Each structure stands twice: as C-alpha cells, then as structure tokens.
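J.:
In mature numbering (1 follows the signal peptide of the UniProt record, and there is no 0), the protein residues as written are -18 to -1, 1 to 423.
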C-alpha cells in the first residue's frame, strides 16, 4: 500500500463551495447530511464508518479528495488528496472527474473508481484501501474497451462510473460509459480477487431495438449492484433508439443486464421501465437491491418538454422483470441516488429540484422516502438549502440510519460548475447536446 499525500489538503482559492452539516429524524430514520463538494459516499453496514469522495475548489476541481467519518457523518476528517496517474493529460478542462466509492461491510476494504484524461480519453482508474481509507494505493489504470474510437474528441463530462461489490469487497464490478459525437460505449469491468486485477467485459449483447451503427447509437451504463455473496450482480443504464431513419432524432430506453455465478457471462438487455414511453429519452441514474439481489429498486429520469422528471421502478426477481411504480409528476427533478434497508422496502432517494427563471438556475436538494418501495413521498420537514444538490446516500441494514452527501454553491462560478454537473447527469447526447456544447458558457 502506497501512502498518498497524507495531509490535510489546503484549498488555495478563495472560491470555495460551502461546507454544511445537517441532520433530521422522521421518527423512523435518522439522517446525517454533509455538503462539501461531495459526489459519493459508502459506509460499513452500521453506517458509522464512512468514506466520502469529492472535488476541490476553483483550479482544483479535477482533484479527488477523500473524507472519512467514524461517527456516522456527524464530523468528518480530511481531506486526503489522491494521486493522479503518471500518464494524465496536463491540460484537461477544469471540471470534476466522476467518482464512486465502495467499502465492505466492516468498512475496512474500500475502493474508489474514477477516470482521468489520458491521451485525450477519460480513462477509468481505481484506487484501493485496506485500512478503512487511511491509506490509498496508487491509481490502477484500466484498459479501454477495444471497440472504443480513441481518436474521437472527449471531455471530462463524457463519462460516468459506478463501483459495486459483494459484502466482503472480494467480487466487484465497475459500470459506466463514454460518449462521443457518434456513439456511446459501455464500460463494464469485473474483479474476483478483491481488486487485484480487473477484466473488461467486451461481449455485452446489443439490445435488439438499438439504433443502427450509421446513426447515433450505443449503450451507456450508469449504476451497478452485487448481492452480499457476490453470486448475483446487475447493471443499469440506457440504450439509444432512433425515432426516424430519415433524421437524427433519437430517444433512449432504460435497460438492465444481470450476471449470476460467472462475471464473464451477462444476460441480454432487459427493458427495465416498461411503462416509460419510447418517444422520450429516459435512463437510470441508480440501482439498489436487497441482500439476496432479488428485490431491486431503480431510479431514473424521463426528459420531455425541456424538463427532467423522475421515475422509480422495481423488480422482485433479480432484474428479469420490472414494474414502474406510481409516477412522480414533478417536472425538473432528478434523483441521483437511492439507498434502502436490507429488504429494499424502506428506501430514500436523493437528488435535486430545479426551476428556471430566465437565465438563472435555482436548484435545491430533495429527499423522498418510502416504506413499501412503491408509494413515495417527499420529506417536507427537512429544510434543505437553495443552490444545493444531494449526490449520494447510504443507509444501514435496518434503514434506521443514513448518511447523505452533496454540493452547496455560494457564488456564480460555483453555480456554473453545479449546472454543468446537472447537465452531465442527464446524458448530454440524449438531450440533443454534445459534451462540447455542454462545456460552452
């Protein structure tokens, strides 16, 4: 294990996202909330020892900063700055890299998946820790998919990654995707030796409804889950549909792939939100399942009439069949993350609500909950700040304690970075914009 800059990282710029700790209790669950440029959080099974990952301020937004807590998110230590790969491009644009973290049930063995611009391509990398996040390895650079066009232009916002493991962090998968102007290509990596080695899955079956290769096409994965034993894993995302062969208008469908007992073999793509219209773009943003991997709940979005609206869908048979729950008819709302108790019935979904007043975007964090996995309601008692968004949440096995993290902006520069992050969450090509257009002021 290589000791990496075990120092408190000095935020050198006066432009700094606000740090704020909040909590609420609805009588069933106590939740700790931490705003501090945080993108991902994962904990031991009691939600006491947690690792959070975020980015730096101003000129340091490409940095990956790791925080830790041993009291369930009441206080946080750090950050520790993770090292970049030696091969990293020095002049990549200044936007946060995607990050996702996972720890085993004891909170000892942890991973962080991210990407780094290497030769103009956002390339997946993995960090590991065997002491609860006190020390982190050097980044392991993963191989790009063989069919990826590495000559196409890419940006930091071109990609997304999510890591998931079994209860011991011995069997792990990383799911994600990358977009260029012609296609989206899935990332799927597997490890059966606690992250010592990773294999790229190159044989995911293309959905039968996917657009032909001469039009914009492809699959993009957004989230992943493995059961406690590692015998059952699943990934979700979307696949592009062409609305007309005579134009470049297109849509997308939420999809699920599953694997049982052999991470080299994956099912065909299953349509995972059957009631969502094919005429509008839609995708998953997150997935969680019970300890057996049989009952799963997914959150995603539908993009229609210049608005993003959420959907929630669930499966009782490990992802083979999916049912859309009662729709949440709330425009301009997006869930980033979902977490449940071990039964996957008592759940929380977090994200943001946004309204547009001329050119001023006002975004505010939201929390929704359910006690049966079907009927959802907003946690109205929690007064969350404006110019904020909750990016990730973790709950303990009983669902009685949760830790959520997010971003809180204080000035226009920070709000612009936040708005780019919002746009990046909705796949840019699906909403008719290239990653390059998203980077424009």
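For each residue, glycine too, the CB sits at the ideal point set by N, CA and C.
Since the model is a prediction, treat every value here as computed from it, not as a measurement.
Can you check the segment 263 to 347 for any beta strand (DSSP E) of at least 3 residues that lies completely inside it and give the ranges in chain order?
T.: As far as the segment 263 to 347 is concerned, its whole beta strand (DSSP E) runs of at least 3 residues are 264 to 271, 278 to 286, 289 to 297, 315 to 322 and 329 to 339.
J.: Ordered along the chain, which non-local residues of its own chain (more than five positions away) have a Cβ less than 6 Å from that of residue 224?
T.: 193, 197 and 232.
J.: Between the Cα of residue 185 and the Cα atoms of 216, 221, 138 and 250, which residue gives the shortest distance?
T.: It is 250 whose Cα lies nearest to the Cα of residue 185.
J.: Rank -1, 120, 262 and 270 by C-alpha distance to the C-alpha of residue 280 and give the top, closest one.
T.: Nearest of -1, 120, 262 and 270 to residue 280, Cα basis: 270.
J.: Starting from the Cα of residue 370, find the closest Cα among 381, 383 and 332 and give me that residue.
T.: The option with the nearest alpha carbon to residue 370 is 332.
J.: Within its chain, find whatever has a CB closer than 6 Å to the CB of residue 217; leave out the 5 residues flanking it on each side and keep chain order.
T.: So the list reads 157, 203, 206 and 239, once near-sequence residues are dropped.
J.: With DSSP collapsed to three states, give me the class of residue 31.
T.: Looking at residue 31 - three-state DSSP - the assignment turns out to be coil, as it is neither helix nor strand.
J.: Does DSSP classify residue 143 as helix, strand or coil?
T.: Residue 143: strand per DSSP, three-state reduction.
J.: Could you tell me the distance, in whole angstroms, from the CA atom of residue 372 to the CA atom of residue 316?
T.: Each residue's Cα considered, the two are about 10 Å apart.
J.: Please identify the residue among 104, 152 and 165 whose C-alpha is closest to the C-alpha of residue 179.
T.: Checking every option, the nearest Cα to that of residue 179 belongs to 152.
J.: Are the beta-carbon atoms of residue 34 and residue 57 separated by less than 9 Å?
T.: No, the pair does not count as a contact, with Cβ atoms beyond the cut-off.
J.: Check each candidate in 92, 208, 318 and 299 and name the one with the smallest Cα separation from residue 293.
T.: The residue with the shortest Cα to Cα distance from residue 293 is 318.
J.: Compute the distance between the beta-carbons of residue 111 and residue 91, then report whether it is under 9 Å.
T.: Result yes, Cβ atoms of residue 111 and residue 91 sit closer than 9 Å.
J.: Just to confirm, are residue 325 and residue 12 a CB contact at a threshold of 9 Å?
T.: No, Cβ-Cβ distance for residue 325 and residue 12 is not below 9 Å.
J.: Have a look at 300, 374 and 296 and flag the residue whose alpha-carbon is nearest the alpha-carbon of residue 357.
T.: If we check each option's Cα against that of residue 357, 296 comes out closest.
J.: Residue 1 to residue 48, Cα distance in whole Å?
T.: The alpha-carbon atoms of residue 1 and residue 48 are separated by roughly 14 Å.
J.: Which of the three DSSP states, helix, strand or coil, is assigned to residue 65?
T.: Coil.
J.: Once you ignore the five residues that flank residue 360 on each side, which residues in its own chain have a CB closer than 6 Å to its CB?
T.: So the list reads 350, once near-sequence residues are dropped.
J.: Considering only the beta carbon of each residue, do residue 108 and residue 69 sit closer than 9 Å?
T.: No, they are not a contact pair.
J.: For my contact list, residue 255 and residue 304 are in at a C-beta cut-off of 8 Å; report their separation, rounded to the angstrom.
T.: Rounded, the Cβ-Cβ distance is 6 Å, consistent with contact.
J.: For residue 392, count neighbouring Cβ atoms within 10 angstroms of its own Cβ and tell me buried if that reaches 16, exposed if not.
T.: That one is exposed.
J.: In whole angstroms, give me the CA-to-CA distance for residue 18 and residue 389.
T.: So the two alpha carbons sit approximately 6 Å from each other.
J.: Name the two residues that bound the continuous beta strand (DSSP E) containing residue 77.
T.: Taken as a continuous stretch (DSSP letters only), residue 77 belongs to no beta strand (DSSP E), as it is neither H nor E.
J.: Are the Cβ atoms of residue 209 and residue 268 separated by less than 9 Å?
T.: No, they are not a contact pair.
J.: If the criterion is Cβ atoms closer than 9 Å, does the pair residue 143 and residue 95 meet it?
T.: Yes. Within cutoff.
J.: Our contact map puts residue 234 next to residue 222 with C-beta atoms below 8 Å; I'd like the distance itself, whole angstroms only.
T.: Residue 234 to residue 222, Cβ: 5 Å. Contact.
J.: Rounded to whole angstroms, what's the CA-CA distance from residue 46 to residue 115? Just pull it up for me.
T.: Approximately 13 Å, taken between the alpha carbons.
J.: Below 8 Å on the Cβ atoms is my contact criterion, and I expect residue 155 with residue 215 to pass it. Report the Cβ-Cβ distance as a whole number of Å.
T.: Contact flag correct, Cβ pair sits at about 5 Å.
J.: Identify whether residue 188 lies in helix, strand or coil by the three-state DSSP scheme.
T.: In the structure shown, residue 188 sits in coil (DSSP, three-state: anything other than H, G, I, E or B).
J.: Residue 334: buried (16+ other C-beta within 10 angstroms of its C-beta) or exposed?
T.: Residue 334 should be labelled buried.
J.: Which stretch, first to last residue, makes up the beta strand (DSSP E) that contains residue 194?
T.: Element bounds for residue 194: n/a, residue is neither H nor E.
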